[in-house]
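> Can you keep this structure in mind? I'll have questions shortly.
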Amino acid sequence: MRVALGRPLALGMLLGASGTLHAAGFHAGLNARGELIVSEQPATGLIAFDPYARRMSHPADRGPRARTEPLDSLLERAAAESGVDRALLHAVVQQESAFNPRAVSPAGAVGLMQLMPATARRFGVRDRFDPAQNLRGGAAYLAWLLTHFNHDLDLALAAYNAGEGSVHRHGNRVPPFAETQAYVQAVKQRYAQ
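Below you can see the structure in the form of structure tokens.
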């Protein structure tokens, strides 16, 4: 059984009087629309739900001027430090986490730019949930990928999604994975807007 609940109701059900999470035997996560899904079985494609995290609204929930105001200066700084075009960095963050700094993928990627533990260590990120560190590390990785693949945007994005080793194993081409191919196209469309 899966149930979609609004946040206030869900929080009331999941949090006890002591403020602790009472979810034994249940799995909870946010779907793509930001609804909390509570299920007796694990569900794929959900973003980890942290009832104690400060709620950050999805950019689509806010007006056009306020799209990512809390992150604008961090994005600007990460883009300037890495040399990655700010619009490209914005497109990757939007695709990776929908600007949710608490996002966690089923594979264990975390934060705004969905950094895996090894990638985070490689680029000096100690706290993958910290937006500034996550953006800085993700931007540095993207800059490295762009240089490594001779500024071929398709290959750099494919490597960001599937790993540079996967791109190399497929003859320096976008791997034939539906997820990776869709990812490259989606980021490029967002970047072109």
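Numbering of the sequence shown is given in this note's numbering, commencing with residue -18 and proceeding in unit increments.
We put the CB at the ideal spot given by N, CA and C, even for glycine.
Tell me which same chain residues have a C-beta within less than 7 Å of the C-beta of residue 116, skipping the five on either side of it?
Taking the first residue of the sequence shown as 1, we reach residue 116 at position 135. If we look at residue 116 and ignore the five residues flanking it on each side, its Cβ neighbours are 55, 56, 59, 93 and 94.
> Tell me whether residue 132 is buried or exposed, calling it buried when 16 or more other Cβ atoms sit within 10 Å of its Cβ.
As a working mapping, residue 132 is identified with position 151 in the sequence shown. Exposed, by the Cβ-count rule.
> Please return the same chain residues whose Cβ sits closer than 7 Å to the Cβ of residue 126, not counting the five positions on each side in sequence.
What you label residue 126 is simply residue 145 of the sequence shown in a count that begins at 1. The answer, listed in chain order, is 137, 140, 141 and 145.
> Ends of the alpha helix (DSSP H) at residue 53?
By one-based count along the sequence shown, residue 53 stands at place 72. 50 to 63 is the extent of the alpha helix (DSSP H) around residue 53.
> By how many angstroms is the C-alpha of residue 107 removed from the C-alpha of residue 163?
Taking the first residue of the sequence shown as 1, we reach residue 163 at position 182. Taking the first residue of the sequence shown as 1, we reach residue 107 at position 126. Going by the C-alpha atoms only, they are around 30 Å apart.
> Kindly indicate which three-state DSSP category residue 69 falls into: helix, strand or coil?
Here residue 69 refers to the residue found at position 88 when the sequence shown is read from its first residue. It is helical.
> Mind checking residue 150: buried by the 16 CB within 10 Å criterion, or exposed?
Mapped onto the sequence shown, residue 150 falls at position 169. Residue 150 should be labelled exposed.
> Between which two residues does the alpha helix (DSSP H) containing residue 142 stretch?
One-based indexing of the sequence shown puts residue 142 at position 161. It spans 134 to 143 - the alpha helix (DSSP H) in which residue 142 sits, taken as one unbroken run.
> Per DSSP, which residues does residue 96 bridge with? Please list them.
Looking up residue 96 in the sequence shown gives position 115. Paired residues: 91.
> Sort 135, 174, 114 and 82 by Cα distance to residue 62 and report the nearest one.
Looking up residue 62 in the sequence shown gives position 81. Looking at the Cα atoms, 114 is the closest of the given residues.
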